[in-house]
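Participant: In our numbering, the protein residues as written are 14 to 312.
We treat Cβ as the ideally placed atom computed from N, Cα and C, and that holds for glycine.
Given the structure is predicted, the values throughout are model-derived calculations rather than measurements.
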């Protein structure tokens, strides 16, 4: 079962919030959804979840169309919005029983206990939701989203506002759920994407500007080489720039150069040093970070 989003757009009056976005998600994938505030991430998630109709385009889950079969489609979706709407006066176990009735689950007791254990709420099930920490409330929200065993799990900023320990625990929980559901989650914490995602989607001004496995995105980005020379090199800067790479001086002995092909860059710099009688003390490569790539894609 796979999710297909094809040429989906959404407009709010004169503002085009989502502009002809297309992508798909396969079983077992955890896909990160990145973008600046206002990029259209939450709008896209709401459309996939069935809470907001697209103005154009098609969304299908294993050929089940949200437009033609909305009830069957929504049964296959688990959705945790950023606001995580919970009934704070309800007890944890009571809340899951309430949701089981909403989903019309037959003989729900076993499934409820399974979910409570899966999301780590065994010792919290007799507490009121309002008495729980933010981390445990997020567990309740995730449990609510997976109770009916959806094929696709949508998480909107699931780690927002958590302390470092809670963040690690929720990250591990999300990873454990990928064996049962495809997962698409939006986040502004780039480290979360590198930690748990197989692929990343980047949305900017409503357009999808990247749809790549993380390792491919890192490989195809501009990479840096830092070179330290024994001699001063400031007088050679015009000749160095004539090599065809982006080169900047850090000080009179050190330069930083950027290129897609770092091997070619290194060979050119070493040949230049040899021709000019310069001695290289240090030559180090550094891949662009996801933060740097994100900045390039969204500016």
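1. Compare the beta carbon distance of residue 196 and residue 72 with 7 Å and say whether it is the shorter of the two.
2. So does the stretch 25-44 actually touch the stretch 175-186, counting three or more Cβ pairs closer than 8 Å?
3. In terms of residues, what are the limits of the beta strand (DSSP E) holding residue 195?
4. From the DSSP output, in three-state form, read off residue 255 for me.
5. DSSP three-state label for residue 331, please.
6. Per DSSP, residue 204 forms a beta bridge with which residues?
7. Buried or exposed: which applies to residue 171, given that a residue is buried once 16 or more other Cβ atoms fall within 10 Å of its Cβ?
8. If we ignore side chains and look at the alpha-carbon of each, how far apart do residue 183 and residue 97 end up?
9. Which residue or residues does DSSP assign as beta-bridge partners of residue 19?
10. Any idea which residues DSSP pairs residue 210 with across the strands?
11. Do residue 188 and residue 155 come within 7 Å of each other at the CB atom, strictly closer than that value?
12. Within a Cβ cutoff of 6 Å, which residues of the same chain sit near residue 299, ignoring the five residues on either side of it in sequence?
13. Could you please give the first and the last residue of the uninterrupted alpha helix (DSSP H) stretch that includes residue 123?
14. Do residue 241 and residue 275 have their C-beta atoms closer together than 7 Å?
15. Look at the Cβ atom of residue 99, then the Cβ atom of residue 167, and state whether they are nearer than 7 Å.
16. Specify the secondary structure class of residue 25 as computed by DSSP and reduced to three states.
17. CB residue 213 to CB residue 206, shorter than 7 Å?
18. When you compare the CB positions of residue 291 and residue 52, do they come within less than 7 Å of one another, or not?
19. Going by DSSP, what residues sit across from residue 81 in a beta bridge?
20. DSSP puts residue 169 in a beta bridge; with which residues?
21. Between 204, 105, 165 and 202, which lies nearest to residue 192 when the distance is taken from Cα to Cα?
22. Name, in chain order, the residues that DSSP records as bridge partners for residue 217.
Facilitator: The relevant details are as follows:
1. no
2. no
3. 195-199
4. coil
5. For residue 331 there is no data in the structure shown, the boundaries of the chain being 14 and 312.
6. Within the DSSP secondary-structure output, residue 204 pairs in no beta bridge.
7. Counting Cβ neighbours within 10 Å, residue 171 comes out buried, since at least 16 surround it.
8. Inter-residue distance for residue 183 and residue 97 is about 14 Å (C-alpha atoms, whole angstroms).
9. Partner(s): 71.
10. Note: residue 210 sits in no beta bridge, so no partner.
11. no
12. 237
13. Taken as a continuous stretch (DSSP letters only), the alpha helix (DSSP H) holding residue 123 covers 122-131.
14. no
15. no
16. strand
17. yes
18. no
19. For residue 81, which the question treats as bridged, DSSP gives no partner whatsoever.
20. 199
21. 165
22. Residue pairing by DSSP places residue 217 opposite 220 in a beta bridge.
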